[in-house]
Amino acid sequence: MIIAIDGPAASGKGTLGKRLAEHYGFAHLDTGLLYRAVARALMDRDIPLTDRDAAAHAAQNLDVSHLEDDTRLRGAAMGEAASVVSAYQPVRDALLAFQRQFAARKPGAVLDGRDIGTVVCPDADVKLFITASPEERARRRHLELQRRGEQAAYETILEDIRRRDERDMSRSTAPLKAAADALTLDTTDLDADAAFDAALKMVESSR
Ligand code: C5P
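Residue numbers in the sequence shown follow full-length UniProt numbering, run continuously in steps of one, and reach 207 at the last position.
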């Protein structure tokens, strides 16, 4: 059984993916971490993000173990950098096989990202598309950063989110969009528990 979850930055899809995976005893892959790790591989070597060949090479040679525990991948700057390298087709091609192998795990897998329902797992049993207004997503990200003791202005975060949405939706390769057969969940007015309950109902009704 495969659950595909897509949606924009800070929509809550990662938290939902994790909780659904725990609920069903499935493996969970946050595919954003793969693109973040590619971006970081370039930044660590002072290679500009505009170097497509180097980005492709980094994706082909990516060490995918321990990405989950790597706190250096989580910051806003890395998300921004990931959205640059993720627009390169050879980078996406290099990461596809690993994602599909992961999706085949038994008894099931939850993958979250931007193109899971459309490209990586077009035959997923359940497809969810998670949205929330940019303002609400910025509010959540702002809170999260404050909790971690990091300084960031709400306006800057909102701008960041809008820019990343625009880039992820307008790129020619695997743009962020809901699959035709995805169920859309708008979490703008839902807290984490209510969003999980709603997502669980959607999964149960479509599996
Ligand atoms: O979800 P997260 O914020 O970690 O993703 C970082 C960036 O990686 C996204 O803005 C997007 O450009 C890219 N990404 C992607 N396809 C995925 C997951 C993430 O293009 N499946």
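Backbone N, C-alpha and C fix where the C-beta goes; we use that ideal spot for every residue, glycine too.
CB of residue i within 8 Å of CB of residue j, strictly
i    : j    : result
D112 : D30  : yes
F129 : R19  : no
L62  : V38  : yes
R40  : M78  : yes
V126 : A174 : no
M202 : L190 : no
A59  : L42  : no
T156 : G12  : no
D160 : A94  : no
Distance between residue j and residue i (C-alpha atoms, nearest Å)
i    : j    : result
H23  : V110 : 11 Å
R148 : R141 : 11 Å
A198 : G25  : 19 Å
L143 : G32  : 21 Å
V91  : R36  : 12 Å
G108 : A27  : 7 Å
A132 : H57  : 35 Å
S83  : R163 : 10 Å
D123 : G117 : 8 Å
Whole-angstrom C-beta distance between residue j and residue i, which should lie under 8 Å
i    : j    : result
L158 : E135 : 7 Å
(request) Please list the segments of the alpha helix (DSSP H) lying wholly inside the segment 6-73, counting only runs of 4 or more residues, in order along the chain. (result) 13-24, 32-44 and 52-60
(request) Return the chain-ordered ranges of every alpha helix (DSSP H) run that is complete within the segment 143-199 and spans a minimum of 4 residues. (result) 154-170
(request) Pick out the complete alpha helix (DSSP H) segments inside the segment 80-115, 4 residues or longer, and give them in chain order. (result) 89-103
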